[in-house]
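Protein chains in written order, with the working numbering: chain A, 28 to 156; chain D, 613 to 726. Note that beta-carbon positions come from the ideal geometry of N, C-alpha and C, so glycine has one too.
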Amino acid sequence: MKFFKSIIGYFLAGFTVTMFWGKFTLSFGLLGGWLAAFFLVGPMWYINHHHNFVSNKKDAVFIDMGLAIAVCNLTVGLADKKLSYQINSIYTALPTLIFLGLGAVCGVVAALYAEKQIYKLKTKDKINE
Amino acid sequence: MNNISIVTTFLGGMVFSFLLQVIWARLVRKFGSFGGMLAAMLISGTMWILNHGISRHLVYQSSSVWIDMSWAAAIGGICFSLFMGKSLKKATPNLFAATIGGILSGLFINFLTK
């Protein structure tokens with residue numbers, strides 16, 4: 028079923044990025060960030076989104092594999108811990124999450140505005156030709 | 613979380629999701645799948661260095677549990693298509709699949725590194 032195929036795709040993305048990113052940065056420092064992005068995020072993007080292994084539908088909201096990576100990082104920090112620790116650390120993590128999320132929303136609002144302006148300029152050029 | 617950290621966390625998320633939406637698809641259109649690899653390195657790599665890598669990283673971690681910049685990618689990706697009118701209802705299977713896949717991979721990594 029497509030649902031289980033999606034789970035596998037998201038599982039793979041979360042696993043490879045979370046497990047191996049640290050190895051790159053440990054060996055190569057900041058350069059490891061670029062290398063890890065190229066060798067981990069790149070192939071995962073190719074499988075999951077370019078060939079749509081996670082089966083995002085065209086008329087549905089786009090669920091990025093970044094969600095799986097984010098949840099994986101969260102789970103790694105919370106698994107095997109006491110419930111009180113888990114609840115407390117999620118509560119104290121809310122400020123970071125909220126401001127990061129607000130930034131993301133404003134970023135895409137800016138991107139939508141930019142795309143609209145680019146589209147207007149392109150159609151203006153086409154009419155003038 | 614002091615005020616400077618609030619602003620840098622916000623800006624780190626904003627710049628990252630802005631670049632993701634504006635640059636990635638264009639690189640794929642121009643260079644195909646290698647464009648995607650290039651976009652991964654240029655956008656995710658550079659933003660990781662700014663958000664997490666440098667000692668004065670932009671994304672401030674207010675808790676002991678790690679809040680990755682991929683949250684910004686995920687929320688940005690969802691909101692971008694949502695604001696363009698795509699259906700959230702049709703995306704619920706993938707939403708569940710991403711959450712479940714993330715939890716399972718986290719538990720698996722925990723199991724491997726014990």
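Neighbourhood of residue i by C-beta, 7 Å cutoff - its chain only, sequence neighbours within 5 removed
i	result
F89 of chain A	N83
K151 of chain A	none
A685 of chain D	F628, S629, L632
M613 of chain D	Y672, S674
L623 of chain D	L670
F723 of chain D	none
G688 of chain D	S629, L632, Q633
Y37 of chain A	V81, M92, A95
S645 of chain D	none
Minimum C-alpha distance to residue i - residue among the options
i	options	result
S638 of chain D	D:I655, D:M626, D:G624	Before going on, a small fix: residue 638 of chain D reads as Arg here, not Ser. The shortest C-alpha separation from R638 of chain D is found at D:I655.
D91 of chain A	A:L58, A:S33, A:K153	A:S33
A710 of chain D	A:Y112, A:T102, A:P70, A:G69	A:T102
S617 of chain D	D:N722, D:H664, D:K701, D:S699	D:H664
A87 of chain A	D:M653, D:S645, D:K698	D:K698
Contacting residues, own chain, Cβ-Cβ under 6 Å from residue i (five flanking each side not counted)
i	result
W636 of chain D	A651
V44 of chain A	L67, I96
L631 of chain D	I655
G59 of chain A	F51, T52
I74 of chain A	F80
L662 of chain D	L670
Rounded straight-line distance, which links the Cα of residue j to that of residue i
i	j	result
S667 of chain D	M28 of chain A	45 Å
A64 of chain A	K149 of chain A	32 Å
L139 of chain A	K50 of chain A	36 Å
G647 of chain D	W72 of chain A	11 Å
T620 of chain D	K85 of chain A	34 Å
G625 of chain D	W48 of chain A	19 Å
L39 of chain A	I145 of chain A	36 Å
F643 of chain D	M659 of chain D	21 Å
N706 of chain D	I690 of chain D	11 Å
T725 of chain D	N100 of chain A	14 Å
M649 of chain D	P70 of chain A	7 Å
A141 of chain A	K147 of chain A	10 Å
V640 of chain D	Y112 of chain A	43 Å
M681 of chain D	F55 of chain A	20 Å
K702 of chain D	F30 of chain A	12 Å
I154 of chain A	L700 of chain D	36 Å
G657 of chain D	I679 of chain D	17 Å
G41 of chain A	F720 of chain D	10 Å
A137 of chain A	K143 of chain A	10 Å
S676 of chain D	L110 of chain A	14 Å
L57 of chain A	N615 of chain D	26 Å
M653 of chain D	F708 of chain D	28 Å
Can we say the region 88–108 of chain A touches the region 128–138 of chain A, given the rule of at least three CB pairs closer than 8 Å? no
Which full runs of the alpha helix (DSSP H) of 4+ residues lie inside the region 108–140 of chain A, going along the chain? none
With three or more C-beta pairs closer than 8 Å as the rule, is the region 668–685 of chain D touching the region 118–128 of chain A? yes
I'd like the ranges of any alpha helix (DSSP H) spanning at least 4 consecutive residues and lying wholly in the region 40–79 of chain A. 58–63, 69–72
Does the pairing of the region 68–79 of chain A with the region 685–694 of chain D give three or more beta-carbon distances under 8 Å? no
Is there contact between the region 109–120 of chain A and the region 49–67 of chain A, where contact requires at least three CB pairs shorter than 8 Å? no
For the structure I just gave you, are there three or more beta carbon pairs, one from the region 708–722 of chain D and one from the region 102–115 of chain A, closer than 8 Å? yes
Going residue by residue through the region 613–663 of chain D, where are the continuous alpha helix (DSSP H) segments of at least 4 residues, counting only ones entirely within it? 615–651
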